[in-house]
Amino acid sequence: MGFLRNSLIFLVIITISISGNSQEHRWFKRFNTTTFLTNGAIYSSPVATANDHVVLGSHNKKIYFFDGQGKLLNTFKTKGWIHATPKVLKDNTISLGSYDGFIYFFDNLGNLIRKIKPGGSIFTEVAEFGKDKLVFGTNKGSIVVYDMDNEYFKYLKVKKLVHGSPTTLSNGNVAIGSNHRKLYIIDEEANVLTEFKTKGWIMHSKPLQLANGNIVFGSYDNHLYCITQDGNLVWKFKTKGNVHASPIQAPDSTIIFGSFDGFVYFLTENGTLKAKFQTGSRVISTASMVNDTTVVVGSFDKNLYFLNTKAEPMGQFYAGGKIFSSPLVLHNGNIVCSTMNGKVHFVGLVVTDDVVLVQKIDIGF
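So in the working numbering, spot 201 of the sequence shown is number 829, and the numbers just go up one at a time.
Below you can see the structure in the form of structure tokens.
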């Protein structure tokens, strides 16, 4: 059971130049910190509700609900690890799957509304598509479509577990990867419209639809793939490690993703390398945009990196644990970063005349 304590600790504040001066400055300062302790590793990425409440799951079988400043609002105990990332649905309900076989639905204060049991442990995020339908994967080798109005399931058997999260495409179809090494594009009746085979598992890497309509995703064969919605290969980019992270696209069209080889890659929309940044260990975390020109991403070297879209370092934050999940940028400017040794950090960005201060407001689990 977690407990609450107050403490004074020394924290590092990193300045990020926003006036063209690339010099970094470091200060040490005391802060009052509220710390919650538990023993659960965190693989689930945090998500934000419309009012900047934060939701994430832990391998201690609990789901946590915070406000945007890091105050714990509620917890909910399931009977299985929480590996999946929550999803805020269009009616503002929060959905989250568990290894106990249930998908749970909450309001934004963490009150349970209902739960469903499709069969099998749930690793993936839920996606909405069609008319009030959800789609997700299970460890039973199925892609599942759930009709919320009529409360029935449709199952698409794909031979091996589905560990990749689905993406709803602009035409209403869904793209989702599997450990069968295939990316599937399905309609709302769970019919396969097309499939694309790679040479490795598609683990976690959530497909991204680019501004030009093409789909990019990573594979454990070390490649980032770009295909059309009809399943035809446009290009592929080879790294020197498994691609577990989901790609993102910056406003300037740059495609950004990490690899097990420790690099964060920056590509053009045509798959050409623009730049890359080397961290100290594998990059499993999916990057997030802080603003139009700054990206934040975590590494297994226990650091959170701030980079511009030219892969130039803007600063870094030591998280004190390996970062598997993706950082979350809140509307209030705070960044939420969780670690595999169970810490959740709320990192505040404080803008002054010429610098952005990265301030650790720590909630340690």
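Even glycine gets a Cβ: it sits at the ideal position worked out from N, Cα and C.
For residue 753 and residue 796, which I take to be in contact (beta-carbon distance under 8 Å), what is that distance rounded to the nearest angstrom?
Beta-carbon to beta-carbon, residue 753 and residue 796 are separated by about 11 Å, too far to satisfy the 8 Å threshold.
If you scan the stretch 652-733 from start to end, which runs of the alpha helix (DSSP H) of 4 or more residues do you find wholly inside it?
Assignment of alpha helix (DSSP H) within the stretch 652-733, counting only whole runs of 4 or more residues, yields no such run.
As a quick exercise: from 952, 957, 958, 931, pick the residue whose alpha carbon is nearest that of residue 946.
The candidate whose alpha carbon is nearest that of residue 946 is 931.
Taking only three categories from DSSP, how would you classify residue 872?
When DSSP states are grouped into helix, strand and coil, residue 872 belongs to the coil group.
In the DSSP output, which residue or residues are listed as bridge partners for residue 795?
Residue pairing for residue 795: DSSP places it in a beta bridge opposite 803.
Which of helix, strand or coil does DSSP assign to residue 629?
Any answer about residue 629 is weak, because its pLDDT of 38 lies below 50 and its placement is not dependable; what the coordinates show is given next. For residue 629, the three-state secondary structure derived from DSSP is coil.
Going by DSSP in three states, residue 976 sits in which element: helix, strand or coil?
In the structure shown, residue 976 falls within a strand segment according to DSSP collapsed to helix, strand and coil.
On the DSSP bridge list, what partners appear for residue 926?
Paired residues: 932.
In terms of residues, what are the limits of the beta strand (DSSP E) holding residue 822?
Residues 820-825.
Closest residue to residue 881 among 913, 904, 737, 894 (Cα-Cα distance)
The candidate whose alpha carbon is nearest that of residue 881 is 894.
Rounded to whole angstroms, what's the CA-CA distance from residue 871 to residue 833? Just pull it up for me.
Each residue's Cα considered, the two are about 7 Å apart.
With residue 770 as the anchor, note down where its beta strand (DSSP E) starts and where it stops.
Boundaries of the beta strand (DSSP E) harbouring residue 770: 770-775, taken from the DSSP string.
Residues near residue 793 in its chain [Cβ-Cβ closer than 6 Å; skip 5 each side]:
The beta carbon of residue 793 sits closer than 6 Å to those of 752, 753, 834, all from its chain and outside the five residues before and after it, given in chain order.
Report the three-state DSSP secondary structure of residue 956 (helix, strand or coil).
Three-state DSSP puts residue 956 in a strand.
Just to confirm my understanding: we take residue 863, look at its own chain, exclude 5 residues before and 5 after, and list those with CB closer than 6 Å. What are they?
Once the five neighbours on either side are set aside, the close Cβ partners of residue 863 are 854, 899.
In whole angstroms, what separates the C-alpha of residue 782 from that of residue 902?
Going from the Cα of residue 782 to the Cα of residue 902 covers about 42 Å.
Is it buried or exposed for residue 933, if we count other Cβ within 10 angstroms and need 16 for buried?
The residue is buried, with at least 16 neighbouring Cβ atoms inside 10 Å.
Is the CB-CB distance between residue 869 and residue 889 below 8 Å?
Yes, they are a contact pair.
How should residue 959 be labelled, buried or exposed, when 16 other C-beta atoms within 10 angstroms of its C-beta is the threshold for buried?
Exposed is the call here.
From 821, 972, 938, 791, residue whose alpha carbon lies closest to that of residue 892
Comparing alpha-carbon positions, the option among 821, 972, 938, 791 lying closest to residue 892 turns out to be 938.
Secondary structure at residue 650, three-state DSSP: helix, strand or coil?
Because the pLDDT at residue 650 is just 36, under 50, the model does not fix this residue reliably, and the value given afterwards should be weighed accordingly. When secondary structure is reduced to three states using DSSP, residue 650 falls in the coil class, being assigned neither helix nor strand.
Hey, how far is the Cα of residue 728 from the Cα of residue 940?
About 43 Å.
Would you please state the rounded distance, in angstroms, between the beta carbons of residue 975 and residue 963? I believe it to be under 8 Å.
Indeed, because the Cβ distance is near 4 Å, the residues count as touching under 8 Å.
Using the Cβ count rule (16 or more neighbours within 10 Å means buried), how would you classify residue 801?
Residue 801 should be labelled buried.
C-alpha distance - residue 656 paired with residue 942, whole-angstrom precision
Residue confidence is low: residue 656 scores 22 on pLDDT, short of 50, so the model does not pin down where it sits. Its coordinate-derived value is still stated next. C-alpha separation (whole angstroms): 19 Å.
Could you check if residue 803 is buried or exposed, using at least 16 other CB atoms within 10 Å of its CB as the buried criterion?
By the 10 Å Cβ count, residue 803 comes out buried.
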